[in-house]
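Okay, so here's the structure we're looking at.
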Amino acid sequence: MSTEPRIAVCPGSYDPITNGHIDIITRASKLFDEVIVAVVNASVRKSKALFTAERRIDFIEEATAHLDNVRAEPFDVLLVDFAHQKGAVAIVKGLRAISDFEYETEMTQLNRHLASDLESVFIMASPQYSFLSSSGVKELAIFGGDVSELVPKHVEGPLKEALAR
Ligand code: ADP
-12 MSTEPRIAVC PGSYDPITNG HIDIITRASK LFDEVIVAVV NASVRKSKAL
38 FTAERRIDFI EEATAHLDNV RAEPFDVLLV DFAHQKGAVA IVKGLRAISD
88 FEYETEMTQL NRHLASDLES VFIMASPQYS FLSSSGVKEL AIFGGDVSEL
138 VPKHVEGPLK EALAR
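Residue numbers (our numbering): -12 to 152.
Encoded structure:
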């Protein structure tokens, strides 16, 4: 057996991090030696993010400060290239619904085509978060809905402020 640390990347927009993301990251941190939460830098996406990548990373770092083997980093290259640069063995994704499954099946096959050495690992959403997405949270918050059980405390205030602008 290799003694190299087993590193996983958990990619996403995290705009902003929700309790559903934290659940997946926490569970991944128990399976791997190191987990890198890879934050998509907005420039490669068509839709503009609410928060800058730096801000999204700060939110993630505060939410995962108690997990010693988790860190967050931005990326703006192909995910498989980022994973290779970091020496990762796996890409970890959360699965909520059939719609996630369809999208992730396609992404997994494309990533496998590019890098057959990287394993994609899927963690099923916990039931209480299976409906939760960053876009849903933003939608609720825009209309004054209570998001206190959906995002960490340190995200709730900045989220309301950003959406009020
Ligand atoms: P979102 O769909 O919330 O904008 P991201 O693009 O930031 O999510 O997703 C990052 C990863 O986290 C993806 O693998 C996504 O499927 C997963 N994920 C997002 N929300 C949840 C949740 N509530 N439960 C489990 N996995 C989730």
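Quick reminder that beta carbons are idealized off the backbone N, C-alpha and C, glycines included. Please read all numbers here as calculations on a predicted model, not as lab measurements.
Would you call the segment 4 to 22 and the segment 108 to 123 touching, i.e. three or more CB-CB distances under 8 Å?
Short answer: they touch.
Does the distance from the C-beta atom of residue 79 to that of residue -5 stay below 8 Å?
Yes, Cβ-Cβ distance for residue 79 and residue -5 is below 8 Å.
How many angstroms separate the CA atom of residue -9 from the CA atom of residue 132?
Roughly 46 Å between the two C-alpha positions.
Please look up how many angstroms separate the CB atoms of residue 121 and residue 5, rounded, as I've assumed it's under 8 Å.
Indeed, because the Cβ distance is near 6 Å, the residues count as touching under 8 Å.
Mind checking who residue 78 pairs with in its DSSP beta bridge?
-4, 107.
Assign residue 101 to buried or exposed, taking buried as 16 or more other Cβ atoms, counted over all protein chains shown, within 10 Å of its Cβ.
Residue 101 comes out exposed.
Does at least one heavy atom of the ligand ADP sit under 7 Å from the Cβ of residue 103?
Result no, Cβ not under 7 Å from the ligand ADP.
Ends of the alpha helix (DSSP H) at residue 11?
Residues 6 to 18.
At a cut-off of 7 Å, is residue 8 close to the ligand ADP when judged by its beta-carbon and the heavy atoms of the ligand?
True, at least one ligand heavy atom lies under 7 Å from that Cβ.
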